[in-house]
Amino acid sequence: MTSLDADRVSLLEALRGLDTELHQNETRHIRQRMEALLHPEFVEFGRSGRRYTREEVLEEFGPDNQLPPVQSGQFGLILLAKHVALLTYVSAHTDAKGDLYRYTLRSSIWVHTKVGWQVRFHQGTPTTGGADLA
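Residue numbering for the sequence shown follows this note's numbering, beginning at 141 and increasing consecutively.
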């Protein structure tokens, strides 16, 4: 493995960690952490087809809103430019029995800013169940 490959794997793991942190209720309930992760010009195209602004996302995920547990896998990374990366993966919610449902293809564009890596754009696209999340 070359140092470039190692850097790519390291970046993939870092962005994977940040993106999946956004799936956690603990993170979503801390506005300061959400503000650090979401770029000031953040936009999301949700799996519902709705467009969300940063402010809408920050307002939606207060302490009373609970997201079902999310599992994700099949992560991929494409470097678009210096300090700009596209992270892609598949996610699904987990029900009380541990069964997966609501599969979604996801893509996030991350940019490295003075405060660290921030997600600038995210899109979720519904997909059929049964995708392997390994």
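Glycine included, every Cβ here is placed at the ideal spot set by N, Cα and C. All of these numbers come straight from a predicted model, not from anything done at the bench.
With contacts defined as CB atoms closer than 8 Å, Pro208 and His233 qualify as a contacting pair.
Less than 8 Å divides the Cβ of His179 from the Cβ of Val251. Excluding the 5 residues flanking it on each side, Leu155 has same chain C-beta neighbours closer than 8 Å at Leu217, Ala225, Leu227, Ser248, Trp250, Trp257, in chain order. A Cβ-Cβ contact shorter than 8 Å links Gln211 with Ser231. The beta carbon of Thr167 lies closer than 8 Å to those of Glu161, Arg173, Met174, Leu177 in the same chain, with the five residues before and after it left out. Across the set Glu181, Phe201, Thr268, Val183, the C-alpha of Thr268 shows the shortest separation from the C-alpha of Tyr243. C-alpha of Asn205 to C-alpha of Glu195: approximately 16 Å in a straight line. Distance from the CA atom of Asn165 to the CA atom of Arg190, rounded to whole angstroms, is 21 Å.
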